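Asker: The numbering of the sequence shown is the working numbering, which starts it at 1276 and goes up by one. For each residue, glycine too, the CB sits at the ideal point set by N, CA and C. This one's a predicted model, so the numbers in the text were calculated from it and none came from an experiment. Please read through the structure below; I'll follow up with questions.
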Amino acid sequence: MPSGPSSIATAIVSRGFQQSSVHLKQPYWLKILRAGMDRVVSVFRSKTLKLHTTRSWDFLGLTLDETLVTPMEFTNGQDVVVGIFDTGVWPESESFQEKPGMRPIPSSWKGVCVEGEKFEPAKACNRKLIGARYYLKGFEQEYGPLNMSGNPEYRSARDFLGHGTHTASTAAGSMVKNASFFGIGQGTARGGAPWARVAVYKICWGINGVGSCTEADILAAFDDALHDGVHVISASFGATPPLSPFFASSADIGSFHAMQLGIAVVFSAGNDGPEPSLVQNVAPWSLCVAASTIDRSFPTEIVLDSNFTIMGQSIISKEIKGRLANAITYFVDGVCSLGNWNRKLATGRVVLCFYTPGLVYEIAQVAVKTAKGLGLIFAEPFTKPIADVDDDIPTLHVDINQGTIIGNYLAESLKLPVVQISPSKTIIGKSPAPTVVYFSSRGPSSISPDILKPDITAPGINILAAWPPQTPPTLQPSDDRLVRWNFQSGTSMSCPHVSGVGALLKSVHPGWSPAATRSAIMTTAYTRDASHDSILAGGSMAGSTPFDMGAGHINPLKAMDPGLIYDMKTSDYILFLCNTGYTQEQIERIVLPSSGVDTNCKNMHGPNANINYPSISVPNLRSPITIKRTVRNVGCGKKTTVYFGVAKEPDGVEVVIWPRVLIFSPSKQEKSYYVTLKPLKKSEGRYDFGEIVWSDGFHHVRSPLVVLVNNSDDFTI
1276 MPSGPSSIAT AIVSRGFQQS SVHLKQPYWL KILRAGMDRV VSVFRSKTLK
1326 LHTTRSWDFL GLTLDETLVT PMEFTNGQDV VVGIFDTGVW PESESFQEKP
1376 GMRPIPSSWK GVCVEGEKFE PAKACNRKLI GARYYLKGFE QEYGPLNMSG
1426 NPEYRSARDF LGHGTHTAST AAGSMVKNAS FFGIGQGTAR GGAPWARVAV
1476 YKICWGINGV GSCTEADILA AFDDALHDGV HVISASFGAT PPLSPFFASS
1526 ADIGSFHAMQ LGIAVVFSAG NDGPEPSLVQ NVAPWSLCVA ASTIDRSFPT
1576 EIVLDSNFTI MGQSIISKEI KGRLANAITY FVDGVCSLGN WNRKLATGRV
1626 VLCFYTPGLV YEIAQVAVKT AKGLGLIFAE PFTKPIADVD DDIPTLHVDI
1676 NQGTIIGNYL AESLKLPVVQ ISPSKTIIGK SPAPTVVYFS SRGPSSISPD
1726 ILKPDITAPG INILAAWPPQ TPPTLQPSDD RLVRWNFQSG TSMSCPHVSG
1776 VGALLKSVHP GWSPAATRSA IMTTAYTRDA SHDSILAGGS MAGSTPFDMG
1826 AGHINPLKAM DPGLIYDMKT SDYILFLCNT GYTQEQIERI VLPSSGVDTN
1876 CKNMHGPNAN INYPSISVPN LRSPITIKRT VRNVGCGKKT TVYFGVAKEP
1926 DGVEVVIWPR VLIFSPSKQE KSYYVTLKPL KKSEGRYDFG EIVWSDGFHH
1976 VRSPLVVLVN NSDDFTI
């Protein structure tokens, strides 16, 4: 292995109930492996991972309407601490100011606010923002000293990139009235758990505007956060497949330790969709979140020659007026990419560009801006147009049909039409929602297809949240705008929505395990949009499957009272690792050493279908199998409760539930049932989907059922 950044490894060293990481170059970590040092749990190469609201919480049912009762998010959460693993925080933001009536910091909190560049703990931290740490050792081992010249950053927990400020305020920001982006999306901003405490762990650092997070710093942050006393961890980062084994991933190891200590960890699914099997953060002991839309749109009027109007989608705060021009005037074959630019200037022109395979709008933006264009109208497939804050140049998104109409108008005009683009408006309730966004990473998991991932979907498109006022909203040096609120999109934004709900659940049910929290969120999710039709899968014209949205769209109020839960213990996850084929040595690299934890597989390897997960995934059904699940009644335990089971069968699969009735009494709150799956068809390489629902007439406890029948006869070419 050559020397340099690529040869840096992370060694995990046991220190009591925690672990720490040290950085080693090749000769040293090879010697450690050969010597078998007793306190070294694991050695693996440190990699770099990438970073992956005014309306969204209303859309989720956590409204501000106090006419009947005080909203539950304002009566819960004060003793819950949400840890944010991200790019830091802008502590002066109104989202992180303590509100009147906020109680003293919980006595269980052991964290600190660390002093650093332009970050004075006495001024930055309070009863709301109770912790702030930063981690540079791993980053500087990989990339050298933090470059401050021409690369704005703060050598402290202060945030420049804005990503961390945005996610922290989304999860647990205080309530702030009249938030907007230049008047767009105006409303009351707040996090899902506005009374929860926030602790930030800055693990990601900017390199030319892109956040990079090293494995070593991630592990160090987990180490501190678990000791500090956080209750929920929100982590919006990941690595594109191929995925590392669980025993060679800091995020997976750290989140396993968190699970053992009763701390729920929520990850983003990644932004590599819509192709299948690119979902990230797939460990069964954490939550993996896809991204979907809310019922808010930003229609933007395009007027040609004062007599022809068409509506696009954008987030534009100022009127634009110029001449409409065809892309073919400035780009070879009309393909708007920098390599096709013919060096003609498009000064004063709004250029109409069309999507072609491989040409995304960001490429067209760079090309038109380089050609000195005034604006861009980008026509793309019907499933893709999404408004966004113009990154390089004001951009209108229209679908292919609308683009064709505009193009025909342009072709029939004797001279270039005058185009006038009005500032965007904010419309609520007029668009189908939710829809899983096209870029949200899809399942099945590439390393553990017998566990359904993602687990859930949540709002992740055009989320308005807090922003550092000294950071341009587009991060572009040429952008001289200063804002306190900004729109962002991605699974990075959906992740903190689920983290906020997790904080509320922890407050309402402090004794629940992370598995119980995940179960409540998954089994109460819904799979129909606001019009009661199936949730669409962005990037296609079809309805979503569990590989797009997991169990469905999060429903916070229902999750507070799920009826039944599927719980899991550390031993269940160890069994999963055994079934996956890991050795005892590899499992010990993942598990936090503690009394009563047995990592010996005892030669008991089998399918993971019987792991007590809230969903059922069978990726290789060749013959009938029977699967066991155990549920616990967390509803009214003072009386006898009866649940009836119903199955929706995947195509070509017979599903039999036994028993079909579960009776819970005050003395018997836990019951098991069995699901037999029998293939009724010859098939190969095709997934089919169903569900199992248990209901007592009030609660509807739903589990997705994912089956791949794989019994076709062998054949040769």
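Given this structure, state the Cα-to-Cα distance separating A1533 from S1769, to the nearest angstrom.
Answerer: The straight-line gap from Cα to Cα measures roughly 21 Å.
Asker: Kindly indicate which three-state DSSP category A1654 falls into: helix, strand or coil?
Answerer: Of the three classes helix, strand and coil, the one that applies to A1654 here is strand, per DSSP.
Asker: For a test of the three-state rule: what should DSSP assign to Y1801, helix, strand or coil?
Answerer: Y1801: strand per DSSP, three-state reduction.
Asker: Could you give the DSSP three-state label for K1728: helix, strand or coil?
Answerer: Coil at K1728, not helix or strand.
Asker: Tell me, please, whether the CB atom of Q1677 is closer than 8 Å to any CB atom in chain B?
Answerer: This model lacks chain B altogether, as it is built from one protein chain only.
Asker: Have a look at A1407 and P1752 and give me their C-alpha separation to the nearest angstrom.
Answerer: Their backbone Cα atoms lie some 28 Å apart in a straight line.
Asker: So, do the segment 1506-1515 and the segment 1773-1782 have three or more beta carbon pairs nearer to each other than 8 Å?
Answerer: The answer is yes - the segment 1773-1782 touches the segment 1506-1515, with three or more Cβ pairs under 8 Å.
Asker: Does the Cβ of Q1416 have 16 or more other Cβ atoms within 10 Å, making it buried, or fewer, making it exposed?
Answerer: Flag for Q1416 reads buried.
Asker: V1866 and I1849 look like a contact to me (Cβ under 8 Å); what is the Cβ gap, rounded to whole Å?
Answerer: About 7 Å; that satisfies the 8 Å criterion.
Asker: Of the choices M1824, A1500 and P1882, whose alpha-carbon is the least far from that of F1964?
Answerer: Of the listed residues, the one whose Cα sits closest to F1964 is M1824.
Asker: Can you name the residues that DSSP bridges to I1703?
Answerer: Paired residue(s): R1571.
Asker: Comparing alpha-carbon positions, which option in A1922, N1986 and L1955 lies nearest L1980?
Answerer: When only C-alpha atoms are compared, the closest one is A1922.
Asker: Quick one, are the C-beta atoms of E1959 and T1905 less than 8 Å apart?
Answerer: Cβ distance not < 8 Å, so E1959 and T1905 don't count as in contact.
Asker: I'd like to confirm the pairing. Which residues does DSSP put opposite F1919 in its beta bridges?
Answerer: In the DSSP output, where bridge partners are listed per residue, F1919 has V1936 and S1970.
Asker: On the three-state DSSP scale, how would you describe V1344?
Answerer: The predicted model places V1344 with a pLDDT of 49, which falls under 50 and marks its position as unreliable; any figure quoted below should be read in that light. Three-state result, V1344: coil.
Asker: Count the other CB atoms within 10 Å of the CB of M1797; is the residue buried (16 or more) or exposed (fewer)?
Answerer: Counting Cβ neighbours within 10 Å, M1797 comes out buried, since at least 16 surround it.
Asker: Taking the straight line between their C-alpha atoms, what separation do you get for N1986 and V1928?
Answerer: Spanning the two alpha carbons is a distance of roughly 12 Å.
Asker: Mind checking whether Y1636 and K1619 have CB atoms under 8 Å apart?
Answerer: No, the pair does not count as a contact, with Cβ atoms beyond the cut-off.
Asker: Can you tell me the Cα-Cα spacing of W1304 and A1514, whole angstroms?
Answerer: For W1304, the predicted structure reports a pLDDT of 45, less than 50, and the residue's modelled location is therefore unreliable. A value from the coordinates is still provided. Each residue's alpha carbon lies about 24 Å from the other.
Asker: With G1460 as the anchor, note down where its beta strand (DSSP E) starts and where it stops.
Answerer: It spans I1459 to A1464 - the beta strand (DSSP E) in which G1460 sits, taken as one unbroken run.
Asker: Considering only residues of the same chain and omitting the five flanking positions on each side of G1609, which have a CB-CB separation below 6 Å?
Answerer: Excluding sequence neighbours, G1609 sits near A1602 and I1603.
Asker: D1804 and A1884: beta carbons closer than 8 Å?
Answerer: No, the Cβ-Cβ distance between D1804 and A1884 is not below 8 Å.
Asker: With DSSP run on the structure shown, which of helix, strand or coil describes N1676?
Answerer: Looking at N1676 - three-state DSSP - the assignment turns out to be helix.
Asker: Comparing alpha-carbon positions, which option in T1915, A1741, R1864 and D1842 lies nearest M1450?
Answerer: That would be A1741, whose Cα lies nearest to the Cα of M1450.
Asker: Kindly list the residues whose CB is nearer than 6 Å to the CB of S1525, restricted to its own chain and excluding five residues on each side of it in sequence; keep chain order.
Answerer: So the qualifying residues of the chain are E1490, I1493 and L1494.
Asker: Whole angstroms are fine: how far does the CA of G1466 sit from the CA of P1744?
Answerer: Approximately 19 Å between the Cα atoms of the pair.
Asker: With a CB to CB cut of under 6 Å and the five nearest residues on each side skipped, what residues in its chain are close to F1394?
Answerer: So the list reads S1431, A1432 and R1433, once near-sequence residues are dropped.
Asker: Measuring only the C-alpha atoms, how far is F1414 from I1938?
Answerer: So the two alpha carbons sit approximately 55 Å from each other.
Asker: Beta-carbon within less than 7 Å of T1658's beta-carbon, same chain only, minus the 5 sequence neighbours each way: which residues are those?
Answerer: Excluding residues within five positions, the ones whose Cβ falls inside 7 Å are Y1713, G1813, G1814, S1815 and M1816.
Asker: By alpha-carbon positions, which one of V1473, L1739, V1917 and R1961 ends up nearest to N1895?
Answerer: Ranking V1473, L1739, V1917 and R1961 by Cα distance to N1895 puts R1961 first.
Asker: Where F1653 and G1363 are concerned, what is the direct C-alpha to C-alpha distance, given to the nearest angstrom?
Answerer: Looking at the two C-alpha atoms, the distance is approximately 34 Å.
Asker: From the DSSP output, which residues share a beta bridge with M1586?
Answerer: Per DSSP, E1576.
Asker: CA-CA distance, S1487 and T1645?
Answerer: So the alpha carbons of these two residues sit roughly 27 Å apart.
Asker: Using CA atoms only, rank isn't needed, just tell me which of S1764, G1460, G1545 and V1909 is closest to G1786.
Answerer: Minimum Cα distance to G1786 is reached at V1909.
Asker: Taking only the alpha-carbon atoms, compute the straight-line gap between S1978 and P1889 and give it to the nearest angstrom.
Answerer: Distance between the alpha carbons of S1978 and P1889: 6 Å.
Asker: So, does the segment 1728-1735 touch the segment 1755-1768, judging by three or more C-beta pairs under 8 Å?
Answerer: The answer is yes - the segment 1755-1768 touches the segment 1728-1735, with three or more Cβ pairs under 8 Å.
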